[in-house]
Every structure is written in structure tokens, then in C-alpha cells.
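Colleague: Residue numbers for the sequence shown follow the working numbering, beginning at 5 and rising by one. Structure in C-alpha cells, see below.
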Amino acid sequence: MRSLRRPASPYDTYVDSVRPFLGKRLTELGGLVLFTGAVALTVALATWSIDDPSLNHATDHPAHNVLGQPGAVVADLAMQILGLGALAFVLPPVLWGVRLMRERDLPQGGMRLALWIIGFCAASAVASALPPTARWPLPTGLGGVAGDGLLSMARVIVGAVSSAAAHLVGFVYAAVAILSLTGACRFGAAEEESFHDEPYPARHPSVRGRDEREDADEPSLGLVGIGALAQGLMRMRVALARRIEAWRTGRVEPFDSASPALAARRAFTDADLPWAEHLPEAAQPGQARREPVFEAPFDGQDPSRDASAPAGATARRAPVPLPPEEDEPDAYEEAPPRPAAARPEPT
């Protein structure tokens, strides 16, 4: 038998509600940082110049890069390592940042990251397979150091098998780059449908103890507070209605004569009922009122007083018989018929 139960703490409810909120805001913040970094790198690459100061180029000239000397250093490293493949390096992170800020979710993040790395490396190899122009300022190919190394390694491996197939390595890298970057960016809607069609893992109900089940059945602190507030409002409403009714009654009392209903209700109170026994007030000398008496005194005593009745009480009188009615002709009775007049005899 349980002897002690720990009530639910408001702190637990607060933590449970704040944790999802903070998780969503942190995800949005991560997407914003990723998007901002990718856009900044794109701007730095777009304004890159070989004459800007960098780690392997010391000069006193100011940097012409829009982002200043830091942007010039980062852009120079990206162009030397990846070459034109640096453009494929910044494309997926921009889309990832937008998706994190909008949907707060990036499904299959590990697979996307792997495809992203394969994609920008293959794009660098494709750029190295292209012939450099006369205005290319770097001693490496268009794909940088990484593109030249991947292309040379593939040509050596394939050339050992067939020298004619070595010239097709660039096309193979192009196909790999397109497929990998497309999978990393997830452009189409087909992948969204396939993602939602995946079966969700079945949720197995966890086995809880008796104490946990009883704690779950108890109402939370918020529900208890709402119930108390509702009960207090109902009581306040009843008290206010009583006050208003009493105030209206007090205002209407002086005008009972103007309202026949109120006048009749107050006229027939318990003390003023027609069948109630009224006791006259104590009469003061000279102020008592005597009712007129229209019959002769009974037994030589005042009919309005009775010796056996208490002082101040009205004596009860025996009913006086009415005088016999005299036989008087009723004015409304019909008169006896008159005799008919005699007809004159003809002469």
C-alpha cells in the first residue's frame, strides 16, 4: 500500500513545455547559420581575385573582396582546392538552411551529407577534365588540386584496362556529380512522397507501475486551477445577483402605490392577512379611537368591552339578529291587470 505520493511539480510541466520550444528555435537558428555561411561563401567566391592577399600570397595591396581579407583568404583556399567545384560545394547547404528554417527538419541527414561530399568532389573532377582557358590564373586545372588528383587516379585505373575508356572518365564523373548533388538537395516531389510512404515504427506501450498509472489519472495542476477559478466566478455571480435584487427592492419600496402588484403583495403580509387576529395598540389617554356602535348595549355593559377579555383586547360580541322584514309591496312586482273597458253598444 502506498503511503506517500509526490504531487506533480509545476517545474516539470514548465520544462516539458519549454523543451520542444527551445528545440525548434535551435533548429531554426542552425538553419539560419548554415544559410548565411553558404551565401557568404558564394559572395566571397564571386568576388575572388588572384591579387588579393591570402595564405600563400603576401602583398601590401588591400583586398578587393567584398568580405574583406577574411573573405579573400577563404575564397583563395576554396579555388585552389576545389576550383570551379566550389560552386557545387555551396549549393546544398543553402537549400538545407532554407528547409531547416521553414520545416525545422532535415530527414536523412547522414545520407545527404555523404552525397554532398561525393557530389562536390565529382564536380571538381569534371571541371579538371575540361581544358583550362588562357586566363586561368592558377597552375592547377579548373577543378583545383582535388579535381586533378581524382581525375588522374581514375584515368590511371581505367587506362590500365583500356586506353580508349580513359577519355570517358570525365563523363562518368559528371553522371556521379549530378546524381549525388540531386540526392543531397532533394529537388523533386517524388522523394517527398517516398519519404512519407515509409512505414512508421510501431509504438509499443511501455509497462508502467501502479503508482505511475495513478499519477497519470490525477488531474494536473492547470485543470485544478481552472476548476477553482470557474467555481469562484459562479459564486461571485450569485452574490452579485443577490446584491442587485436587494438594491432594486430597496428602490421600489417607496413607490408601492404606483405598482398594483407590489402594493397587493405588501398589503397581504403575514401580519395583515384578513383572517389574522389583530390586537389594537396600547391606547394613550385622549388619543384612543372608538369605532361607532349602531346597536343597543348588551346587558347594560359597553359592547366594545368585555370583562373577561384582557386589557387592550377587543371584546367579541354575539351577532345581533336582524329585525324581521316587513311585508312591503315590492316596487318591482307586477301590478294586477286592469279590467278591460266596456265596448259601447251600437245605437
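For every residue, glycine included, the Cβ atom is placed at its ideal position computed from N, Cα and C.
Of all the alpha helix (DSSP H) runs that stay within the bounds of the region 69 to 102, which reach a length of 4 or more residues?
Modeller: 72 to 85
Colleague: Which residues does DSSP pair with Ser58 in a beta bridge?
Modeller: Here residue 58 refers to the residue found at position 54 of the sequence shown. Answer is His61, bridged to Ser58.
Colleague: Is it right to say Ser58 is buried, meaning 16 or more other beta carbons lie within 10 angstroms of its own, or is it exposed?
Modeller: Residue numbering aside, residue 58 sits at position 54 when the sequence shown is read from its first letter. Its Cβ being crowded by 16 or more others within 10 Å, Ser58 is buried.
Colleague: CA-CA distance, Lys28 and Arg108?
Modeller: For the purposes of this step, residue 28 is taken as the residue at position 24 of the sequence shown. For the purposes of this step, residue 108 is taken as the residue at position 104 of the sequence shown. Roughly 7 Å separates the two Cα atoms.
Colleague: Tell me whether Ser53 sits in a helix, a strand or coil according to DSSP, three-state version.
Modeller: Here residue 53 refers to the residue found at position 49 of the sequence shown. In the structure shown, Ser53 sits in coil (DSSP, three-state: anything other than H, G, I, E or B).
Colleague: Going along the chain, which residues of its own chain have a beta-carbon closer than 7 Å to the beta-carbon of Gly126, five neighbours each way excluded?
Modeller: In the sequence shown, counting from the first residue as 1, residue 126 sits at position 122. Reading the sequence as shown, one finds Ala at residue 126 and not Gly. Here the set comprises Tyr177, Val180, Ala181 and Ser184.
Colleague: How about Gly101 and Gly187: are their beta carbons less than 7 Å apart?
Modeller: To locate residue 101, count along the sequence shown from 1; it is residue 97. To locate residue 187, count along the sequence shown from 1; it is residue 183. One thing to note: Gly101 has its Cβ no nearer than 7 Å to the Cβ of Gly187.
Colleague: Would you kindly report the start and end of the unbroken alpha helix (DSSP H) that includes Ser128?
Modeller: Taking the first residue of the sequence shown as position 1, residue 128 is located at position 124. Segment Gly113 to Ala133, the alpha helix (DSSP H) holding Ser128.
Colleague: Give the DSSP-derived three-state secondary structure of Trp251 in the structure shown.
Modeller: Sequence index remark: in the sequence shown, residue 251 carries index 247 (1-based). Trp251 falls in the helix class under three-state DSSP.
Colleague: Helix, strand or coil for Ala67, going by three-state DSSP, please let me know.
Modeller: Along the sequence shown, read from residue 1 onward, the residue named residue 67 stands at position 63. Per DSSP, reduced to three states, the secondary structure at Ala67 is coil, with no helix or strand assignment.
Colleague: Using the beta-carbon count (16 or more within 10 Å), is Ala82 buried or exposed?
Modeller: Here residue 82 refers to the residue found at position 78 of the sequence shown. Answer is buried; the Cβ neighbour count reaches 16.
Colleague: For Leu155, tell me which candidate among Val173, Gln84, Leu142 and Ser166 has the shortest Cα-Cα distance.
Modeller: Position 151 of the sequence shown holds residue 155. When each option's Cα is compared against that of Leu155, the closest is Val173.
Colleague: Taking Cβ positions, are Pro141 and Ile54 nearer each other than 7 Å?
Modeller: On the sequence shown, residue 141 is found 137 positions in, with the first residue counted as 1. On the sequence shown, residue 54 is found 50 positions in, with the first residue counted as 1. Contact: yes.
Colleague: For Ser167, is the classification buried or exposed, using 16 other Cβ atoms within 10 angstroms of its Cβ as the cut-off for buried?
Modeller: Locating residue 167 in the sequence shown gives position 163, where the first residue counts as 1. It counts as exposed.
Colleague: When burial is assigned at 16 or more other CB atoms within 10 Å of the CB, is Leu30 buried or exposed?
Modeller: Taking the first residue of the sequence shown as 1, we reach residue 30 at position 26. So Leu30 counts as exposed.
Colleague: Where Asp152 and Thr144 are concerned, what is the direct C-alpha to C-alpha distance, given to the nearest angstrom?
Modeller: The sequence position of residue 152 within the sequence shown is 148, counting from 1. The sequence position of residue 144 within the sequence shown is 140, counting from 1. About 7 Å.
Colleague: What does the Cβ neighbour count give for Arg139, buried or exposed, with the cut at 16 atoms within 10 Å?
Modeller: Numbered from 1 along the sequence shown, position 135 holds the residue referred to as residue 139. Answer is exposed; the Cβ neighbour count stays below 16.
Colleague: Just to confirm before moving on: does the CB-CB distance between Ala48 and Val78 stay below 7 Å?
Modeller: Counted from its first residue, the sequence shown places residue 48 at position 44. Counted from its first residue, the sequence shown places residue 78 at position 74. For Ala48 and Val78, yes; Cβs fall inside 7 Å.
Colleague: Going by C-alpha distance, which of Asp80, Val70, Leu45 and Gly72 is nearest Asn60?
Modeller: Taking the first residue of the sequence shown as position 1, residue 60 is located at position 56. Of Asp80, Val70, Leu45 and Gly72, the residue nearest in Cα terms is Asp80.
Colleague: Could you compute how far the alpha carbon of Ala62 sits from the alpha carbon of Thr51?
Modeller: Reading the sequence shown from its first residue, position 58 is the one you call residue 62. Reading the sequence shown from its first residue, position 47 is the one you call residue 51. Taking C-alpha positions only, Ala62 is separated from Thr51 by approximately 18 Å.
Colleague: Alpha carbon to alpha carbon, how far is Glu249 from Gly229?
Modeller: Taking the first residue of the sequence shown as 1, we reach residue 249 at position 245. Taking the first residue of the sequence shown as 1, we reach residue 229 at position 225. Spanning the two alpha carbons is a distance of roughly 31 Å.
Colleague: Is the beta carbon of Phe124 sitting closer than 7 Å to the one on Phe93?
Modeller: In the sequence shown, the residue the question calls residue 124 occupies position 120. In the sequence shown, the residue the question calls residue 93 occupies position 89. With contacts defined by Cβ atoms closer than 7 Å, Phe124 and Phe93 form a contacting pair.
Colleague: Count the other CB atoms, across all protein chains shown, that sit within 10 Å of the CB of Ala317; report buried if there are 16 or more and exposed otherwise.
Modeller: As a first step, residue 317 is located in the sequence shown; it is residue number 313 there, counting from the start. Residue confidence is low: Ala317 scores 46 on pLDDT, short of 50, so the model does not pin down where it sits. Its coordinate-derived value is still stated next. Counting Cβ neighbours within 10 Å, Ala317 comes out exposed, since fewer than 16 surround it.
Colleague: Thinking C-beta only, is Ala42 closer than 7 Å to Gly89?
Modeller: As a working note, residue 89 is residue 85 in the sequence shown. As a working note, residue 42 is residue 38 in the sequence shown. Not closer than 7 Å, so no.
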